[in-house]
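Q:
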Amino acid sequence: MKLKNAILLFITAAIWGVAFVAQSVGMDYVGPLTFNCVRSLMGGVVLIPLCLFMDRRKHAAENGSAESQAARAAERKTLITGGICCGLALCLASNFQQFGIQYTTVGKAGFITACYIVIVPVIGLFFGKKCSPLMALAVVLSLAGLYLLCMTGGNGGINRGDILVLICAFLFSIHIMVIDHFSPMVDGVKMSCIQFFVSGILSGAGMLLFEEPQLGRILEAWMPILYAGIMSCGVAYTLQIVGQKGVNPTVASLILSLESSISVLAGWAILGQQLSFREILGCVLMFGAIILAQIPVGEKKRILALAAKGRREQAVDNTENLG
């Protein structure tokens with residue numbers, strides 16, 4: 001893997017990790033629905049120039065035959081359908097996360113949200129997909145980590161913010177599965193742009209129904225909203241696309257999963273939020289589960305085989321040296 005790609009993916013993870021701080025600070029000024037409405041619309045606007053640039057390059061390479069026009073029409077229909085479905089899932093997931101962040105720390109929110117990496121294959125069981133022993137171990141580790149992270153009340157109670165963020169993790173799992181269905185058929189950047197607008201419009205409808213948005217308060221929250229909208233939605237997504245090009249998906253996922261660890265560091269450095277030893281242990285267990293969940297079974301077997309081969313070769317060398 002090129003060093004440049006690794007750096008871009010790490011920057012993406014860092015942007016997303018710090019975004020939890022922006023989301024937390026934004027709640028001091030505006031409601032969750034208002035925050036997500038503005039940031040989502042902003043993220044969609046940021047991606048429009050990239051969509052136009054990519055569309056111009058694509059059309060320049062195509063001919064204007066009736067067959068190509070029909071194919072573009074079919075792709076456009078699938079793109080709109082996929083964007084709406086993804087936008088609906090993103091709207092639900094991001095708003096549950098935003099409501100949850102009001103009642104829990106940035107670091108805990110980051111790690112609980114990252115549970116989607118383990119939840120996705122578990123949901124796959126209901127669709128006939130097999131679960132490897134490695135994945136089963138990852139599920140057990142994540143459950144143990146969740147227990148240590150969340151069950152910290154005096155009477156063993158669970159924080160309602162943790163519950164909301166856990167629901168958000170399930171919804172992000174559904175969001176990923178929807179993306180997995182549509183992304184091979186359409187342009188990913190365009191679909192992301194549409195999903196941001198759909199999420200922003202739906203959040204805006206909820207904002208008008210359940211909150212009292214004030215332009216002055218939104219302007220006061222300009223810094224966290226700009227960061228969450230432009231950096232987290234627009235810039236980070238673009239960096240992810242560029243950084244993942246030609247990179248092993250497993251390696252890319254491992255680098256991006258550092259987002260959860262960075263959220264803890266950002267919460268401590270910027271907001272002064274600290275985790276207890278029990279909560280830190282929970283984070284360690286969950287991070288281990290995240291890494292295990294991203295190692296393909298075939299890759300694990302290959303690594304073990306290479307290790308066994310290395311041990312055999314070392315034994316032969318030792319025998320020859322003794323001789």
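Using UniProt numbering, the first residue of the sequence shown is number 1, and each one after it goes up by one.
Yeah, the Cβ is synthetic: ideal placement off N, Cα and C, and Gly gets one too.
Just so you know, these numbers come straight off a predicted model, no measurement behind them.
So for M185, helix, strand or coil by DSSP?
A: Mapped onto the sequence shown, residue 185 falls at position 185. It is coil, neither helix nor strand.
Q: Is L265 near T12, with beta carbons less than 7 Å apart?
A: In the sequence shown, residue 265 corresponds to position 265, counting from 1. In the sequence shown, residue 12 corresponds to position 12, counting from 1. No, the pair does not count as a contact, with Cβ atoms beyond the cut-off.
Q: In whole angstroms, give me the CA-to-CA distance for I194 and L8.
A: Locating residue 194 in the sequence shown gives position 194, counting from the first residue. Locating residue 8 in the sequence shown gives position 8, counting from the first residue. Their Cα atoms are separated by approximately 24 Å.
Q: Drop a sphere of 10 angstroms on the beta-carbon of A160, count the other beta-carbons inside from all chains shown, and report buried for 16 or more, exposed for fewer.
A: The residue you call residue 160 lines up with position 160 of the sequence shown. For the record, residue 160 in the displayed sequence is Arg; it is not Ala. The residue is exposed, with fewer than 16 neighbouring Cβ atoms inside 10 Å.
Q: So which of C37, L209, G243 has the shortest CA-CA distance to K2?
A: Within the sequence shown, the letter at position 2 stands for residue 2. For K2, the nearest C-alpha among the options comes from G243.
Q: Tell me whether W16 is buried or exposed, calling it buried when 16 or more other Cβ atoms sit within 10 Å of its Cβ.
A: As a first step, residue 16 is located in the sequence shown; it is residue number 16 there, counting from the start. W16 should be labelled buried.
Q: What ranges does the alpha helix (DSSP H) occupy inside the segment 23 to 75, keeping only unbroken runs of at least 4 residues that lie completely in it?
A: Counting only runs of 4 or more, we get 32 to 61.
Q: Going by DSSP in three states, E211 sits in which element: helix, strand or coil?
A: For this step, residue 211 is matched to residue 211 along the sequence shown. The answer is coil: DSSP assigns E211 none of H, G, I, E or B.
Q: Is there contact between the segment 29 to 48 and the segment 223 to 237, where contact requires at least three CB pairs shorter than 8 Å?
A: Flag = yes, the segment 29 to 48 and the segment 223 to 237 touch.
Q: Taking F96 and L164 to be in contact with their CB atoms under 8 Å, please state how far apart those CB atoms are, rounded to whole angstroms.
A: Taking the first residue of the sequence shown as position 1, residue 96 is located at position 96. Taking the first residue of the sequence shown as position 1, residue 164 is located at position 164. Rounded, the Cβ-Cβ distance is 5 Å, consistent with contact.
Q: So L285 is in the alpha helix (DSSP H); what residue range does that whole segment cover?
A: Locating residue 285 in the sequence shown gives position 285, where the first residue counts as 1. From DSSP, the alpha helix (DSSP H) with L285 extends over 277 to 293.
Q: Whole angstroms is fine: what's the gap from L271's alpha carbon to K245's?
A: In the sequence shown, counting from the first residue as 1, residue 271 sits at position 271. In the sequence shown, counting from the first residue as 1, residue 245 sits at position 245. Between L271 and K245, the C-alpha separation is close to 35 Å.
Q: Among T81, S232, A252, whose alpha-carbon lies nearest the alpha-carbon of V46?
A: Position 46 of the sequence shown holds residue 46. For V46, the nearest C-alpha among the options comes from S232.
Q: Taking the alpha carbon of L257 as the reference point, which residue from G110, E212, F182 has its own alpha carbon closest?
A: Position 257 of the sequence shown, counting from 1, holds the residue named residue 257. Sequence inspection shows Ser at residue 257; the Leu mentioned does not correspond to that position. Selected option, being the one with the closest Cα: G110.
Q: Under three-state DSSP, which class holds K190?
A: Counting from one through the sequence shown, the residue named residue 190 turns up at place 190. Correct three-state label for K190: helix.
Q: Once DSSP output is grouped into helix, strand and coil, what is the label at Q273?
A: Here the question's residue 273 lines up with position 273 in the sequence shown. Looking at Q273 - three-state DSSP - the assignment turns out to be coil, as it is neither helix nor strand.
Q: In its own chain, which residues sit with a C-beta less than 6 Å from the C-beta of R72, not counting the 5 before and 5 after it?
A: To locate residue 72, count along the sequence shown from 1; it is residue 72. Nothing meets the Cβ criterion.
Q: Report the rounded CA-to-CA distance for M191 versus C91, giving the unit in angstroms.
A: Mapped onto the sequence shown, residue 191 falls at position 191. Mapped onto the sequence shown, residue 91 falls at position 91. Taking the straight line joining both Cα atoms gives about 14 Å.
Q: Do V140 and A293 count as a contact pair if the criterion is CB distance below 7 Å?
A: Residue 293 sits at position 293 when you count from the first residue of the sequence shown. Residue 140 sits at position 140 when you count from the first residue of the sequence shown. Cβ distance not < 7 Å, so A293 and V140 don't count as in contact.
Q: Just to confirm, is the Cβ distance from V25 to R217 under 7 Å?
A: Counting from 1 along the sequence shown, the entry for residue 25 is found at position 25. Counting from 1 along the sequence shown, the entry for residue 217 is found at position 217. No; because the gap between Cβ atoms is not below 7 Å, this pair is not in contact.
Q: Looking only at its chain, what residues have a beta carbon closer than 7 Å to the beta carbon of C168, apart from the 5 residues adjacent to it on each side?
A: Start at 1 with the first residue of the sequence shown, and residue 168 comes out as number 168. A93, F96, Q97, G100, T113.
Q: For Q244, report the span of its alpha helix (DSSP H) as first-last.
A: In the sequence shown, counting from the first residue as 1, residue 244 sits at position 244. Segment 236 to 244, the alpha helix (DSSP H) holding Q244.
Q: First and last residue of the alpha helix (DSSP H) that includes L226?
A: Residue mapping note: residue 226 aligns to position 226 of the sequence shown, counting from 1. Unbroken alpha helix (DSSP H) run through L226: 222 to 226.
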